[in-house]
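Just below is one structure, and these are the notes that go with it.
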Amino acid sequence: MIENTFYIYTLGCKVNAYESNAIKKQMLNNGFIYDENDPEIFIINTCSVTSTADQKSRQHIRSFKQKHPQSIVVAMGCYAQKSHKFIFEELKADIVIGNTNKNRVPELIKQFKSNRQPLNLVDVDTLNFKYEEICQTAYSENVRAYLKIQDGCSNFCSYCLIPYVRGKMRSRQFLQIVKEANEIVNQGFKEIVVSGIHIGGYGKDLKDKSFYDVILALSQIEGLKRITISSIEASEIDDNLIELYKKAPNLAHHIHIPLQSGSAHILKAMNRHYDKKEFLKKINSLKQSCPDIAITTDVIVGFPDESDDDFNETIEFIKQAGFAQLHVFPYSIREGTKAAKLNNQIDSKIKKERARILRELSDNLYRDFINRFKGQNVDVLIESYDEKTNMVKGHTSNYIDVSFKGNKDMINQIITVKL
2 MIENTFYIYT
12 LGCKVNAYES
22 NAIKKQMLNN
32 GFIYDENDPE
42 IFIINTCSVT
52 STADQKSRQH
62 IRSFKQKHPQ
72 SIVVAMGCYA
82 QKSHKFIFEE
92 LKADIVIGNT
102 NKNRVPELIK
112 QFKSNRQPLN
122 LVDVDTLNFK
132 YEEICQTAYS
142 ENVRAYLKIQ
152 DGCSNFCSYC
162 LIPYVRGKMR
172 SRQFLQIVKE
182 ANEIVNQGFK
192 EIVVSGIHIG
202 GYGKDLKDKS
212 FYDVILALSQ
222 IEGLKRITIS
232 SIEASEIDDN
242 LIELYKKAPN
252 LAHHIHIPLQ
262 SGSAHILKAM
272 NRHYDKKEFL
282 KKINSLKQSC
292 PDIAITTDVI
302 VGFPDESDDD
312 FNETIEFIKQ
322 AGFAQLHVFP
332 YSIREGTKAA
342 KLNNQIDSKI
352 KKERARILRE
362 LSDNLYRDFI
372 NRFKGQNVDV
382 LIESYDEKTN
392 MVKGHTSNYI
402 DVSFKGNKDM
412 INQIITVKL
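Residue 103 in my numbering sits at position 102 of the sequence shown; the count goes up by one each step and never skips.
Listed below in structure tokens is the structure:
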């Protein structure tokens, strides 16, 4: 073990990955050395979106402590926010910081190294969290760069812990977003994925900016070929954004809009902030503005009191909306949420079968969607190259997965091909 070496292990979402990368850069800027093999410092960015995520977070903290007893273990993120006392007292993490103080990680590690006093600095007042700039950064996956524009959520869906562990919706400063976006493009990236916990809520805590203003500003950056909206609520898609799909050639023709259920009864129990009529109207408006758009969604099956009729209503609505693909999740009880206290919890076998049915439907929807484009010329952003097969792989603007014969020089280039 070499002094001042560190390793970051990340669980959960792309926002966690973004923040871990920012902390990595911050650590490097403070003289620490990255080492995946035998580091002095383990930083674990935890997740708590499901009970399985909680379990994985506990396992990794415990494993790092047991296998490397002389190392310093830092726990941060959503599970650390929710279960900080257990992590600090039972798992014996040296530093626990939850979802604030992430911009102080190098400072706190140096403090611990000087006095060996364990630190539990979790701020439990989540409703008053402020947006924290950690380090000007860009988290990339292949040739895409992720740009975080906000943190937290104020929707309080009845099944979700995120507002309690991430805090209220809070916006990043507009100029910081534009600055990082320009830096990303200057680094050679052609696609930016606009990310956050509840990105459509951007600007609600500001006086003069909105989510549309962010997308409009990004669309005007020279050299940025694609802007992908990671996930946005239907209620936060306004007419200006819909119209921008006609005007901005670099706005990717793919958008993810969480539905969660097609049953009016279940949507109300979930505390979702829209009705089916409103949701369908936004879907149809987007398709009119951008006919080749791929609209994907999330669906939760087995929510408490979801009857066969509710489930069938969801299937019919999905077909009516014409989604390109579904992300299907069996309902997971999260202690501390309103849904955990509801009666008529659904048996796991029923959840599993409903999930299977919807995943099969998703496969059929995606096949029907991509078949629409056979014979058409499309632009593909190349992400990878396989030397064994001489095949390159990438995605179209509407996120169709495409492979064809090519060469390594095509990576990060946009190539026009006939499907």
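Even for Gly, the Cβ is constructed at its ideal location relative to N, Cα and C.
Proximity of the segment 256 to 263 to the segment 291 to 303 meets the contact definition, three or more beta-carbon pairs being nearer than 8 Å. Under DSSP, no beta-bridge partner is assigned to S308. Taking all protein chains in view, the Cβ of N345 is surrounded by fewer than 16 other Cβ atoms within 10 Å, so the residue is classified as exposed. The three-state secondary structure of D299, taken from DSSP, is strand.
Per the DSSP secondary-structure output, H396 pairs in a beta bridge with L382, D402.
Of the residues assessed, Q82 falls on the buried side of the cut-off, its CB having 16 or more other CB atoms within 10 angstroms. Rounded to the nearest angstrom, the gap between the Cα atoms of S141 and C158 is 30 Å.
According to DSSP, residue pairing for L120 in a beta bridge involves I96. Contact between L281 and A322 holds, with the beta-carbon distance rounding to 6 Å and staying under 8 Å. Between the alpha carbons of F312 and F304 lies a gap of roughly 10 Å. Non-local C-beta neighbours of E134 in its own chain, meaning closer than 7 Å and more than five positions away in sequence, comprise N104, Q177, ordered along the chain. DSSP places H85 outside any beta strand (DSSP E); the residue lies instead in the alpha helix (DSSP H), whose first and last residues are 85 to 90. Rounded to the nearest angstrom, the gap between the Cα atoms of E37 and G263 is 45 Å. Cβ-Cβ distances below 6 Å link N46 to T11, N17, S21, M77, G78 in the same chain, with the five nearest sequence neighbours on each side left out; the list follows chain order.
Nearest C-alpha to S72 among R117, Y19, S385: R117. If the five residues before and after V166 are omitted, its C-beta is found closer than 6 Å to the C-beta atoms of S49, C79, Q82, K83, all from its own chain and listed in chain order. In the DSSP assignment, N46 falls within the beta strand (DSSP E) that extends over 42 to 47.
The criterion of a C-beta distance shorter than 7 Å is satisfied by V393 and Y386. Judged by DSSP in its simplified three-state form, F280 adopts helix. Within the same chain, M170 come within 6 Å of G202 by CB-CB distance, once the 5 residues on both sides are set aside. In the three-state reduction of the DSSP assignment, F65 falls in the helix class, which pools H, G and I.
Burial of Q151 is indicated by the presence of at least 16 other C-beta atoms within 10 angstroms of its C-beta.
By the 16-neighbour rule on beta-carbons within 10 angstroms, N408 is exposed. T51 has its alpha-carbon roughly 30 Å from the corresponding atom of Q137. Between V329 and the set T338, I319, S58, the nearest pair of CA atoms involves I319. The Cβ-Cβ distance between S231 and S286 does not fall below 7 Å.
Relative to S172, the option among L148, V125, F113, Y132 whose CA is nearest is Y132. DSSP places E192 in the strand class (E or B) of the three-state scheme. Under the three-state reduction of DSSP output, V50 falls in the coil class, being neither helix nor strand. 7 Å or more divides the Cβ of R227 from the Cβ of A249. At a Cβ-Cβ threshold of 7 Å, G99 and V123 count as neighbours. Separation of N129 and R63 (C-alpha to C-alpha, rounded to the nearest whole angstrom) is 31 Å. Exposure of T53 is indicated by the presence of fewer than 16 other C-beta atoms within 10 angstroms of its C-beta. Inclusion of T315 and Y160 in the CB contact set at 7 Å is not warranted, their separation being larger than that value. Spanning the alpha carbons of A139 and G189 requires a straight line of approximately 12 Å. The Cβ atoms of G395 and V379 do not sit closer than 7 Å to each other.
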